[in-house]
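Worksheet: the structure to be examined is printed underneath.
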Amino acid sequence: MFHLQASAQAEVEIKKSRFIGIVQPVSSREEAQARLAEIRAQWPDARHYCAVLLCGADSMLDDDGEPSGTAARPMYNVLRHKDVCDVLAVVVRYFGGIKLGAGGLVRAYTQAVNAAMDAASLVAVVPRGDYEATVDFAGEARLRHLCQELGVPVSAPRYGERVSLRLSLPLAEAEALLAALTDGMAGALEVSPVD
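The opening residue of the sequence shown carries number 30 in our numbering; numbering runs sequentially from there.
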């Protein structure tokens with residue numbers, strides 16, 4: 030599974046119609062709707078703004094007036110084939126006066142999204158797990174220092190009788206990192222997974 034590192038776009042011309050493929054990283058449907066509105070404002074005189082959203086459990090396929098199944102579905106298929114998530118793909122179409130037919134539209138929208146994906150930089154999604162690490166107040170600075178050395182992000186400090194920090198660990202390395210932290214803290218560390 031991959032994420033987009035940044036937005037990318039590319040343009041293809043087929044029988045005088047312009048197809049501008051745009052892919053953008055998004056984290057929610059609301060963000061996708063805002064980006065789609067920005068795209069509509071950027072190219073206000075286009076005929077169609079076909080869109081696909083893949084974001085967590087949320088998705089959207091919008092043919093925006095093109096015949097059903099000729100725009101959003103082929104765009105969706107490209108994104109699934111590229112194994113990308115948390116993405117909004119939009120193809121802006123300027124009609125050139127020549128009808129492409131259903132097969133031509135499928136090929137055109139597929140080409141536009143493929144071209145945009147080819148221009149994009151992808152980053153592999155690393156499955157992570159959150160853990161709560163608890164130490165005495167005297168050990169907080171040492172734990173933070175060890176986490177920094179190991180490249181472990183620390184967040185959500187909670188202070189009570191002891192200090193609790195949330196650690197985000199790549200699942201593939203979690204066991205080794207937790208062992209290194211426990212060793213570095215000479216055993217004065219309690220760790221539990223966060224649901």
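A virtual CB, placed ideally from N, CA and C, is assigned to each residue, including glycine.
From the options, pick the residue whose C-alpha is nearest to that of residue i; which is it?
{"i": "Ser221", "options": "Ala215, Glu202, Asp212 and Leu196", "result": "Leu196"}
{"i": "Ala100", "options": "Gly180, Lys128, Ala80 and Trp72", "result": "Ala80"}
{"i": "Gly85", "options": "Met104, Val113 and Leu65", "result": "Val113"}
{"i": "Lys111", "options": "Ala149, Ala61, Arg187 and Glu202", "result": "Ala149"}
{"i": "Gly132", "options": "Tyr123, Met146, Leu194 and Pro103", "result": "Pro103"}
{"i": "Arg109", "options": "Ala203, Met30, Ala208 and Ala217", "result": "Met30"}
{"i": "Pro73", "options": "Ser56, Gly98 and Arg122", "result": "Arg122"}
{"i": "Asp87", "options": "Ile43, Val152, Glu67 and Gln62", "result": "Gln62"}
{"i": "Gly130", "options": "Glu95, Val120 and Arg157", "result": "Glu95"}
{"i": "Leu218", "options": "Ser36, Leu175 and Arg136", "result": "Leu175"}
{"i": "Ser193", "options": "Gly168, Leu207, Ala203 and Gly216", "result": "Gly168"}
{"i": "Arg171", "options": "Arg136, Val181, Met214 and Val119", "result": "Met214"}
Considering only their Cβ atoms, is the gap separating residue j from residue i smaller than 7 Å?
{"i": "Thr163", "j": "Arg191", "result": "yes"}
{"i": "Gln38", "j": "Leu117", "result": "no"}
{"i": "Ala145", "j": "Ile51", "result": "yes"}
{"i": "Phe124", "j": "Arg69", "result": "no"}
{"i": "Asp147", "j": "His32", "result": "no"}
{"i": "Val107", "j": "Thr139", "result": "yes"}
{"i": "Ala209", "j": "Gly158", "result": "no"}
{"i": "Tyr105", "j": "Leu90", "result": "yes"}
With respect to the alpha helix (DSSP H) encompassing residue i, which residues constitute its N-terminal and C-terminal limits?
{"i": "Glu204", "result": "Ala203 to Gly213"}
Could you tell me if residue i is buried or exposed, where buried requires 16 or more neighbouring beta carbons within 10 angstroms of its beta carbon?
{"i": "Tyr160", "result": "buried"}
{"i": "Ile127", "result": "exposed"}
{"i": "Phe48", "result": "buried"}
{"i": "Ala141", "result": "buried"}
{"i": "Ser46", "result": "buried"}
{"i": "Tyr188", "result": "exposed"}
{"i": "Val152", "result": "exposed"}
{"i": "Leu206", "result": "buried"}
Taking the continuous beta strand (DSSP E) assigned at residue i, which residues delimit it?
{"i": "Ala170", "result": "Per DSSP, Ala170 belongs to no beta strand (DSSP E); it is in the alpha helix (DSSP H), Glu169 to Leu179."}
{"i": "Leu218", "result": "From DSSP, Leu218 is part of no beta strand (DSSP E); its letter is neither H nor E."}
{"i": "Leu83", "result": "His77 to Cys84"}
{"i": "Leu200", "result": "Unbroken run through Leu200: none, as it is neither H nor E."}
{"i": "Met30", "result": "It is not in any beta strand (DSSP E) - Met30 carries neither H nor E in the DSSP assignment."}
{"i": "Arg187", "result": "Val183 to Tyr188"}
**Q.** Sequence ranges, alpha helix (DSSP H) only - wholly within the region 103-157, length at least 4
**A.** 130-148
Q.
What ranges does the beta strand (DSSP E) occupy inside the region 34-65, keeping only unbroken runs of at least 3 residues that lie completely in it?
A. 37-43 and 46-54
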